[in-house]
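Peer 1: For reference, the structure I am asking about is given below.
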Amino acid sequence: MSECGCGRSPITVGGCRPSEPDCPPVACTGSRRCEHCETTPLRDSAPYRVAATASSTDPTPYYTIAHTHAALDPVVAQTILNSGTGTFPADDGTHDGQHTWLAGVVRIDPASLRGNPTGVTVSASVHVHNDGSSTACRLYGRFALWNGATAIRTDLLGPPDLPAGGDETGVIAPTTVPLADVLAGKVVVELNLETGNDDTCGVGPKQWTVDSFVLTVQASSPGCGRPFLRTTCRNCDGAVTCTTDTLDGSTPYAPVPPVIPVVSCQDGCATARPPCISTDRGNAVTRGSDGCLYAPDTPALDPSPCNAARNTTGGLLVPRIDLTGIAPGGNSGSERSVDIDVSGTSGCPERWEIGARLTPVSAFRNAERQHADLLARTGADVPIPESDIVLPEAGVYHIDSDVRYALGSATGGSGYIIGWLRDETTDTLLTSFTQIAAINAARQEQQGGTTHIMTEYAVTSGPRTVRLHLMFVLTGGKITDAEAGGTDSNGATRMRFLKVRD
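Take 205 as the starting number for the sequence shown in this note's numbering and just add one per residue.
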C-alpha cells in the first residue's frame, strides 16, 4: 500500500473518528476518495460574565421596615461589599425592632460588554452569622435588589428563628434589569438585619458577622458567547457522518444557539464601545449608515450672544483666555475646600503650572446654656439643640464634642449618663452610645467633669445638622443630681467639625 501513498492510520478529531479509508492503488478502477473531517471555529450565544462591583451608598431610600433604623458604618459596608468580613453591631437594648442597613450600587465596566445587550442579569449571595447574645426571631432581615424606588427581588431572612451562633445565607436569584438603569446607578443591592430588641418574641439585641458577599452580573448577545470548535466528518460521497462540538478539540461542549462563525462576529463582539453621539438638535456631528461619524465642513455655531466662538475667513476662531492664580486663602469659605493656583506666561503659553491647597470648612461652637436636667427625664432621650453644628456640603468630616456634666447623690445610689451624636437631617446615628459619667456611691458623693465623643462621618450632600443627645439611666438607690450639656464655672460643652476630604 505504500506505493499508493494511502497507508495512513485513521485520526480522531474532537471525538469524531472517521472510518478506515478505502484507498486502492490509483490505477485501480472504481476507487473512492477517502473520508475526511474539517474543524471550524465558531462562537455561540452563551451568557458571559461582566466585570462588576458594588459601591456603598446611603441606605436611607431603602428603609421600608417599620420602627427604628440605623445605617451601617459606610467603611464597614464597603468592606462587606468587597467580599470582606464586617460586623453589624448590636443595639444598646433601648430600641424595639431596630434594623441596621447597608446598600451598594451595582457598577459594571462598560468595556467588558460584548455586542449590544439591552439588559444584564444580576444575582448575589451573602452569609450572615448571629453572634448573639439573643435569638433572631421571625423575619429578622432582608436581602434585596432594587431598581430605583422599586424592590424587584427580595429574599426574606427567617423564619425559622435563628439562634445565637446560627448561620444563614441570603440569595438574590438571577434577575434581568435594563442595562441603561445599571449604567445610571439605579440598581442597588440592600441588606438589613435586626440588631435591636424584639418585644413580641421577648428577645434582646443581637450582633451579626457578615461575609462571603458575591455579586454576579452576566450579559448575552447573539454570537458573542463562548468560542468553540465544530468538527464535521464526511464520507466518500460527501454526506455528513458525524458532527462534534468541543472547546479545545477534545472537551465536549453543548453550544447555546444561535451559533455564528468567528470570522463574521469579530467586529460585533468587540469589547470597545462605539462613541456616544448626542441627540441634541444643535449637534452637527452625525453617524452615517456605514457606521462612520460625519461633521459638516463649516461648524454650526450657537447664535447666542454669549457664544464667543465665530467663523472668520481664516477659520473658526475661539478666543484664548489668560488664566490667573488666586492668592492663598483667596477662595476659601463655607462653600469651597480647595484653593487653586495657576501660573504661566501671558498670551498663549503651551504649558501652565496648576497647584491646589486644601482649605477645608470647619466650625467650633460652645453650648452657651445651663446644663439640661437629665434627672427630671430619667431614661428619656434629651436632645441639646444648643449644640447644633451644620455640615455645609458633601464630604467626610471629623466631628468631636466635649460634654460637660455633673452627677451626684446625697444619700447613695447608682446610675450613669450616656451621650451620642445624631444627624437630625436624615435621622442617622453617628456614634454608638458613649458613657459620659457613672456613679455607684454608698453615701453622699458629687462629681463633675468633661467627657469626649469623637467620630468621622461621610455625607453625600449638605447641609446636615448634627446634634448632641443625652440620657440618664438610674440603676439603684437615689440620685439627687444628674445634669449635662451646658456650661459651668469649670468648663463648657463644645462641638467641633473639620472637613478632612471630599
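Idealized CB from N, CA, C, for every residue including glycine.
Go to V642, then tell me how far its beta strand (DSSP E) extends in each direction, as first and last residue.
Peer 2: Looking at the sequence provided, one finds Ala at residue 642 rather than Val. From DSSP, the beta strand (DSSP E) with A642 extends over T638 to A645.
Peer 1: Hey, how far is the Cα of D300 from the Cα of G623?
Peer 2: Whole-angstrom Cα-Cα distance: 19 Å.
Peer 1: My guess is that I643 and I683 are in contact by the Cβ rule of under 8 Å, so how many angstroms apart are they, rounded?
Peer 2: The pair is a contact, with the Cβ atoms about 7 Å apart (cut-off 8 Å).
Peer 1: So, is M658 buried or exposed, given that buried needs 16 or more other C-beta atoms within 10 angstroms?
Peer 2: With fewer than 16 Cβ atoms within 10 Å of its Cβ, M658 is classed as exposed.
Peer 1: Would the stretch 625-636 count as touching the stretch 658-674 if we require 3 or more Cβ pairs under 8 Å?
Peer 2: Contact between the stretch 625-636 and the stretch 658-674 is present, because at least three Cβ pairs lie under 8 Å.
Peer 1: For G234, which of helix, strand or coil comes out of DSSP?
Peer 2: In this predicted model, G234 has a pLDDT of only 39, less than 50, meaning its place in the structure is not dependable enough to derive any value.
Peer 1: To which residues of the same chain is L419 closer than 6 Å at the C-beta, ignoring the five residues directly before and after it?
Peer 2: If we look at L419 and ignore the five residues flanking it on each side, its Cβ neighbours are A256, A258 and A328.
Peer 1: Do you know offhand how far P245's Cα is from L433's?
Peer 2: Taking the straight line joining both Cα atoms gives about 5 Å.
Peer 1: Measuring only the C-alpha atoms, how far is E660 from Q639?
Peer 2: Looking at the two C-alpha atoms, the distance is approximately 18 Å.
Peer 1: Is it the case that the Cβ atoms of S591 and M699 are separated by a distance below 8 Å?
Peer 2: Yes, these two residues count as a Cβ contact at 8 Å.
Peer 1: Given a cut-off of 8 Å, decide if G619 and Q651 are closer than it, judged by their beta-carbon atoms.
Peer 2: Contact flag unset, no.
Peer 1: Along the chain, where does the alpha helix (DSSP H) that runs through D385 open and close?
Peer 2: Its alpha helix (DSSP H) spans residues L383 to L387.
Peer 1: What distance in whole Å lies between the Cβ atoms of L360 and L343, which are believed to be in contact at a cut-off of 8 Å?
Peer 2: Their Cβ separation, rounded to whole angstroms, is 5 Å, which keeps L343 and L360 in contact under 8 Å.
Peer 1: Is A443 helix, strand or coil by DSSP?
Peer 2: It is coil, neither helix nor strand.
Peer 1: Just the C-alpha distance for D295 and G400, rounded to the nearest angstrom, thanks.
Peer 2: Cα to Cα, D295 sits roughly 5 Å from G400.
Peer 1: How many Å lie between G288 and G617 at the Cα?
Peer 2: Taking the straight line from one Cα to the other gives about 46 Å.
Peer 1: Out of P382, Y252 and C341, which one is the CA nearest neighbour of D365?
Peer 2: Nearest C-alpha to D365: C341.
Peer 1: Quick test of the definition: if touching needs 3 or more C-beta pairs under 8 Å, does the stretch 366-378 touch the stretch 272-280?
Peer 2: With a cut-off of 8 Å, the stretch 272-280 and the stretch 366-378 do not count as touching, because too few Cβ pairs lie within range.
Peer 1: Where are the beta strand (DSSP E) runs, 3 residues long or more, that stay fully inside the stretch 312-397, in chain order?
Peer 2: If we require 3 residues or more, the beta strand (DSSP E) runs fully inside the stretch 312-397 come out as 323-336, 345-351, 354-361 and 371-382.
Peer 1: To the nearest angstrom, how far is it from the Cα of F347 to the Cα of V375?
Peer 2: The straight-line gap from Cα to Cα measures roughly 7 Å.
Peer 1: Is the beta carbon of I312 closer than 8 Å to that of V386?
Peer 2: The answer is yes: Cβ separation under 8 Å.
Peer 1: Pull up the CB-CB distance for S260 and L306, whole angstroms please, since I reckon it's below 8 Å.
Peer 2: 7 Å between Cβ atoms; contact.
Peer 1: What residues in its chain sit with their C-beta under 6 Å from that of R705, if we drop five residues either side in the sequence?
Peer 2: These residues qualify, in order along the chain: V600.
Peer 1: Considering Q574, what are the terminal residues of the alpha helix (DSSP H) in which it resides?
Peer 2: It is not in any alpha helix (DSSP H) - Q574 carries neither H nor E in the DSSP assignment.
Peer 1: So, at 7 Å on beta carbons, what are the nonlocal neighbours of A695 in its own chain, with the 5 sequence-adjacent residues on each side left out?
Peer 2: Note that residue 695 corresponds to Gly in the displayed sequence, not to Ala. Result list for G695: R608 and T654, in chain order.
Peer 1: Quick one, which of N439, G442, S425 and C440 has its alpha-carbon nearest I145's?
Peer 2: Because the chain spans 205 through 706 in this model, residue 145 falls outside it and cannot be assessed.
Peer 1: I need the DSSP call for R581, collapsed to helix, strand or coil.
Peer 2: Residue state, collapsed to three classes: helix.
Peer 1: Can you give the Cα-Cα distance for I284 and Q411, rounded to whole angstroms?
Peer 2: Using only the alpha carbons, I get a separation of about 15 Å.
Peer 1: How would you write the range of the alpha helix (DSSP H) that Q302 sits in, first residue to last?
Peer 2: It is not in any alpha helix (DSSP H) - Q302 carries neither H nor E in the DSSP assignment.
Peer 1: Can you name, in chain order, every residue of its own chain whose Cβ lies under 6 Å from the Cβ of P431, other than the five neighbours on each side?
Peer 2: Excluding positions up to five away in sequence, the list reads R247.
Peer 1: What's the C-alpha gap between A458 and G442?
Peer 2: Those two C-alpha atoms are separated by around 25 Å.
Peer 1: Go through its chain and collect everything with a Cβ distance to F637's Cβ below 6 Å, but skip five positions before and after it.
Peer 2: Excluding positions up to five away in sequence, the list reads D296, I622 and W624.
Peer 1: Around the Cβ of E242, are there at least 16 other Cβ atoms within 10 angstroms (buried) or fewer (exposed)?
Peer 2: Label assigned to E242: exposed.
Peer 1: When burial is assigned at 16 or more other CB atoms within 10 Å of the CB, is V392 buried or exposed?
Peer 2: By the neighbour-count rule (16 or more Cβ atoms within 10 Å), V392 is buried.
Peer 1: Would you mind reading off the limits of the alpha helix (DSSP H) that contains A281?
Peer 2: Taken as a continuous stretch (DSSP letters only), the alpha helix (DSSP H) holding A281 covers P278 to L285.
Peer 1: Might you give, ordered along the chain, the residues of its own chain that have their beta carbon closer than 8 Å to the beta carbon of Y267, omitting 5 neighbours on each side?
Peer 2: Correct list, in chain order: H273 and W305.
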